[in-house]
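Encoded as structure tokens, the structure appears first; notes follow it.
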Amino acid sequence: MEARAIAKYVRMSPTKVGVVLDLIRGKNIQEAFAILQYTPKAAAVAINKVLKSAVANAENNHEM
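In full-length UniProt numbering, the protein residues as written are 1 to 64.
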């Protein structure tokens, strides 16, 4: 099972967000957080928040 989190009304272009998402797609959660921490893009901050939310959803809702 996988946990999901959605960020609405993020004022950033999907193309710019997609560039950062391509960096972390397929990685485990620790690697993704490490990559986002050192990525100098504004989208990394928004993605980091959503990723933390997905981890919290997995722990609380799905008991993962």
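Backbone N, C-alpha and C define an ideal beta-carbon position, used for all residues, glycine too.
Just so it is clear, the structure is predicted and the values come from calculations on it, not from any experiment.
Measuring CA to CA, which of the options is closest to residue i?
| i | options | result |
| --- | --- | --- |
| V20 | Y9, A3, E2, L51 | L51 |
| L23 | I6, N48, V55, E63 | N48 |
| T39 | N60, E59, N28, V17 | V17 |
From what residue to what residue does the alpha helix (DSSP H) around residue i run?
| i | result |
| --- | --- |
| S53 | 43 to 60 |
| I35 | 29 to 37 |
| G18 | 14 to 24 |
Please classify residue i: is it buried, with 16 or more other beta-carbons within 10 angstroms of its beta-carbon, or exposed?
| i | result |
| --- | --- |
| A56 | exposed |
| A34 | exposed |
| A7 | exposed |
| A44 | buried |
Among the residues of its own chain, which have a CB less than 8 Å from the CB of residue i, if the five just before and after it don't count?
| i | result |
| --- | --- |
| G32 | Looking at the sequence itself, residue 32 is Ala, so the reference to Gly does not match. So the list reads I24, L51, once near-sequence residues are dropped. |
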